[in-house]
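Before any comments, here is the structure.
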Amino acid sequence: MLVATWNVNSIRARYERLSRWLSSHQPDVLCLQEVKVEEKAFPFEAIREAGYNVEVFGQRTYNGVAILAKGEMTEVQKGFPKDAFDDQARFIAAKVNGVRVVSIYVPNGKVVGSESYEYKLRWLFQLKRFLEESEISSGDIIVCGDLNIAPNPGDVARPQQWEGSVLYNPEMRSEFTELLALGLADTIGKRFPDGGIYSWWDYQQLGFQLGNGLRIDHILASRGLAVRCTDAGVDREERKGKLPSDHAPVWAMFETT
DNA sequence: ATGGTTGCTTAGCAA
Numbered sequence: 015m016l017v018a019t020w021n022v023n024s025i026r027a028r029y030e031r032l033s034r035w036l037s038s039h040q041p042d043v044l045c046l047q048e049v050k051v052e053e054k055a056f057p058f059e060a061i062r063e064a065g066y067n068v069e070v071f072g073q074r075t076y077n078g079v080a081i082l083a084k085g086e087m088t089e090v091q092k093g094f095p096k097d098a099f100d101d102q103a104r105f106i107a108a109k110v111n112g113v114r115v116v117s118i119y120v121p122n123g124k125v126v127g128s129e130s131y132e133y134k135l136r137w138l139f140q141l142k143r144f145l146e147e148s149e150i151s152s153g154d155i156i157v158c159g160d161l162n163i164a165p166n167p168g169d170v171a172r173p174q175q176w177e178g179s180v181l182y183n184p185e186m187r188s189e190f191t192e193l194l195a196l197g198l199a200d201t202i203g204k205r206f207p208d209g210g211i212y213s214w215w216d217y218q219q220l221g222f223q224l225g226n227g228l229r230i231d232h233i234l235a236s237r238g239l240a241v242r243c244t245d246a247g248v249d250r251e252e253r254k255g256k257l258p259s260d261h262a263p264v265w266a267m268f269e270t271t
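The numbering of the first sequence is this note's numbering, which starts it at 15 and goes up by one.
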């Protein structure tokens, strides 16, 4: 089973790239973030014609997450349960092939100490609560998405420049450790223990052109699933060429039982 | 070099 996650930064702007990527890589599951469109304007038909079922938690202009899957999706959940504080579309989950798949877009946080950063911390608290209640040890679960956290020094091309940013600071590294402690494994991190693998390059700072990347998109798998991970990586090629997303697709292959 | 880009929506915000 090939599982992938990709922050497309607008599905309408990225539709041709997405369509090509689906047909060339044939993932069984693709989690999307920042689709930036309401459900009524989502390109359902075209994606179904490409052979995928789709579940979308859409939003106008900002955010928006989705799950594409070849298999049938059940138990779809949009947003955290009994979610009082969050009006932003950043969480969707569904069961596919017996695996609970979660597609998330964690808030960026702007600047440490800002209102946005506080929101990021509250959101991560909700995520941890959801995962605690998911009884990770009793079934396969996979958490995919733009976590807006680079967990290790090797996940940042220029760690000195980024230290203290909302993406890379001790508090965020601790948040990531807490997520793993709930029973998840960092599939890409395990595949590349020496780091040097990035998934996002800033448009503004010409990050890709300057080799200034960070690994902030992740595929976290429950332990039982993680031991069946045969390979994982980032499709860096997708960041090249005309009008790419600022994020590249991240993928992990699992042995099917 | 304290800049630079992109997307949505339409001048300002978010990343």
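In this text, a Cβ means the ideal position worked out from N, Cα and C, and glycines have one as well. Quick caveat, the model's predicted, so the values are computed rather than measured.
Is the Cβ-Cβ distance between residue i and residue j less than 8 Å?
i	j	result
I1	G197	Outside the modelled stretch of the chain, which goes from 15 to 271, sits residue 1, for which no answer is possible.
Q47	S152	no
N162	L181	yes
T270	C243	no
R114	I81	no
A60	L36	no
Please list, in chain order, all residues of the same chain as residue i whose beta carbon is under 7 Å from its beta carbon, the five residues on each side excluded.
i	result
G72	V49, V51, E52, E53, F56, G78 and A103
L138	V120 and E189
F58	V68
So what's residue i in DSSP terms, helix, strand or just coil?
i	result
M15	coil
Q91	strand
A171	coil
I25	coil
G210	coil
A107	strand
Could you compute how far the alpha carbon of residue i sits from the alpha carbon of residue j?
i	j	result
Q174	R250	23 Å
E192	G227	24 Å
G8	G247	Because the chain is modelled from 15 through 271, residue 8 falls outside the range shown and cannot be assessed.
A240	V43	16 Å
R237	A199	6 Å
C45	D101	20 Å
A8	L194	Nothing about residue 8 can be read from this structure; the chain reaches only from 15 to 271.
May I ask you to list the residues that DSSP assigns as paired with residue i?
i	result
G159	I118 and H232
W265	A18 and G247
E69	I81
A60	Bridge partners of A60: none, in fact.
Leaving out five residues on either side along the sequence, give the residues of the same chain with a beta carbon under 6 Å from the beta carbon of residue i.
i	result
R74	E52
D160	N21, Q47, Y119 and D231
M15	D42, F268 and T270
Less than 8 Å between C-beta atoms, sequence neighbours within five positions excluded: which residues of the same chain meet that for residue i?
i	result
N183	V126 and E177
W214	N21, D160, G221, G227, L228, R229, I230, D231, D260, H261 and A262
D245	R205, A266 and M267
R34	none
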